[in-house]
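Peer 1:
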Amino acid sequence: MEDPWQKAYDFAVAVARKAGEIRKAGESEIRVMTKSSTVDLVTKTDERVEKIIISSLKEEFGEDAHCFIGEESVAKGEPCVLSDKPTWIIDPVDGTTNFVHGFPFVAVSIAFAVNKEVEFGVVYSCLEDKMYKARKGKGAFCDDEPIQVSDMKDINKSIIISEHGTDRSPEKVTKIFSTMQKILCIPVHGLRGSGTAATNMCLVATGAVEAFFEIGIHCWDIAAGVIIVKEAGGILLDVDGGPFDLMSRRMVSANNELIAKRIIKEIEIFPVGRDDAPAEK
Ligand SMILES: O=P([O-])([O-])O[C@@H]1[C@H](O)[C@H](O)[C@@H](O)[C@H](O)[C@H]1O
Ligand SMILES: [Mg+2]
Numbered sequence: 001m002e003d004p005w006q007k008a009y010d011f012a013v014a015v016a017r018k019a020g021e022i023r024k025a026g027e028s029e030i031r032v033m034t035k036s037s038t039v040d041l042v043t044k045t046d047e048r049v050e051k052i053i054i055s056s057l058k059e060e061f062g063e064d065a066h067c068f069i070g071e072e073s074v075a076k077g078e079p080c081v082l083s084d085k086p087t088w089i090i091d092p093v094d095g096t097t098n099f100v101h102g103f104p105f106v107a108v109s110i111a112f113a114v115n116k117e118v119e120f121g122v123v124y125s126c127l128e129d130k131m132y133k134a135r136k137g138k139g140a141f142c143d144d145e146p147i148q149v150s151d152m153k154d155i156n157k158s159i160i161i162s163e164h165g166t167d168r169s170p171e172k173v174t175k176i177f178s179t180m181q182k183i184l185c186i187p188v189h190g191l192r193g194s195g196t197a198a199t200n201m202c203l204v205a206t207g208a209v210e211a212f213f214e215i216g217i218h219c220w221d222i223a224a225g226v227i228i229v230k231e232a233g234g235i236l237l238d239v240d241g242g243p244f245d246l247m248s249r250r251m252v253s254a255n256n257e258l259i260a261k262r263i264i265k266e267i268e269i270f271p272v273g274r275d276d277a278p279a280e281k
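Residue numbers (the UniProt record's numbering): 1 to 281.
1. Report the option in Val74, Lys182, Thr206, Phe103 whose CA atom is closest to the CA atom of Asp143.
2. Pull the bridge partners of Lys133 from the DSSP assignment, please.
3. For the alpha helix (DSSP H) that Val204 lies in, which residues bound it at each end?
4. Is the CB-CB distance between Thr196 and Gly95 below 7 Å?
5. Specify, as a first and last residue, the run of the alpha helix (DSSP H) that Val188 falls within.
6. For Ile110, does the three-state DSSP call read helix, strand or coil?
7. One question on the structure: do Ser56 and Val15 come within less than 7 Å of each other, judged by their Cβ atoms?
8. Looking only at C-alpha atoms, which of Glu50, Arg135, Arg168 sits nearest to Ile215?
9. Based on the DSSP output, what are the partners of Met33 in its beta bridges?
10. Given this structure, state the Cα-to-Cα distance separating Trp220 from Ile69, to the nearest angstrom.
11. To the nearest whole angstrom, what separates the beta carbons of Phe112 and Pro86, a pair I think is in contact under 8 Å?
12. Tell whether a beta-carbon distance below 7 Å holds between Asp276 and Val74.
13. Helix, strand or coil: how does DSSP classify Glu117 here?
14. Give the DSSP-derived three-state secondary structure of Cys219 in the structure shown.
15. If you pair each beta-carbon of the stretch 121-129 with each one of the stretch 4-23, do three or more pairs fall below 8 Å?
16. Tell me, which residues are paired with Arg262 by DSSP?
17. Quick test of your reading: Val229 and Met201, contact by CB under 8 Å. State the CB separation rounded to the nearest angstrom.
18. Within 10 angstroms of its Cβ, does Lys157 collect 16 or more other Cβ (buried), or is it exposed?
19. I need the straight-line Cα distance from Lys259 to Asp151, nearest angstrom please.
20. Quick one: grab the DSSP three-state call for Phe11.
21. Compute every distance between the C-beta of Glu151 and the non-hydrogen atoms of ligand 2, then say whether any falls below 6 Å.
22. Go through the residues and name those whose CB comes closer than 5 Å to any heavy atom of ligand 2, in chain order.
23. Compare the beta carbon distance of Val209 and Ile161 with 7 Å and say whether it is the shorter of the two.
24. Go through its chain and collect everything with a Cβ distance to Gly190's Cβ below 6 Å, but skip five positions before and after it.
25. Pick helix, strand or coil for Gly225, following the three-state DSSP scheme.
26. Our contact map puts Glu50 next to Ile90 with C-beta atoms below 8 Å; I'd like the distance itself, whole angstroms only.
27. Where does the unbroken alpha helix (DSSP H) through Ala75 begin, and where does it stop?
28. So, are the CB atoms of Glu257 and Ile227 less than 7 Å apart?
29. Residue range of the alpha helix (DSSP H) that Val100 falls in?
30. Quick check: does the Cβ of Gly121 come within less than 6 Å of any heavy atom belonging to ligand 1?
Put into structure tokens, the structure is as follows:
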């Protein structure tokens, strides 16, 4: 049977590379604006790169063939609804704060979902020039080399990633730091964070770390990473141990269930609205 999405997969890899190269070439002056809070940054580059990605995909596959969820389009009021239709989920610059500060981890993340399930994902870590990709049932790769999660089962010998996100309300920050303190003191070998959720998930997929969890991420930060982690042999769970839900803004990705469940024991959950919550009137 003909493979229905191979062409889209190959095209996504090419578009991610092109987008990353535009990003690398950079603007002489980065124009920084803010979104949900004063630390939720966006730049003209984010918007420009997203437009280029979406217009390239529309040109290739037809104006109305697929749906789109793009970080910057949603910020401008486009709907964020994942239906059964083929849908591209795009973060043009994951790690915008890193980008603004010159901290060297920035990724382009492009995922493609059908029937609400991610079919393939591409994360181009553009400053490292590493192309991570995975397709359902076909394995995960970094620069065409197969990748696999770590086989570590001992939490005491693990490295865990988490991030602070962009909500600075004291109650949430307290819970985030309390969780991190408890995990650090299990103890684990270390806590890390690259500043890009997409890259963090690729680090789980390559086995460099055992797990990455966050409350407050968005579907575009992690959609490509979800399939990359799964195809590298890892697992995804909700922060309460239930099934992972891409639109819930909460996620634990790990090399295995043992590590995931041990972390989940320590996570102090706080409420965040869903990505697909109806817009407030
Ligand atoms: O805004 P952005 O740089 O695309 O995405 C952010 C990054 O992935 C960061 O690592 C994560 O902690 C935030 O929750 C995201 O919003
Ligand atoms: Mg992002």
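A virtual CB, placed ideally from N, CA and C, is assigned to each residue, including glycine.
Peer 2: With the structure as the only source:
1. Thr206
2. Val122, Phe141
3. 197-206
4. yes
5. First-last for Val188: undefined, no H or E at that position.
6. strand
7. yes
8. Arg168
9. Val42
10. 7 Å
11. 7 Å
12. no
13. strand
14. helix
15. yes
16. Arg262 is not bridged to any residue.
17. 5 Å
18. exposed
19. Checking the sequence shown, residue 259 turns out to be Ile, not Lys. Approximately 10 Å, taken between the alpha carbons.
20. helix
21. It should be pointed out that residue 151 corresponds to Asp in this sequence rather than to Glu. The answer is no for Asp151.
22. Asp91, Asp94, Asp221
23. yes
24. Ile159
25. helix
26. 6 Å
27. 71-75
28. no
29. 96-101
30. no
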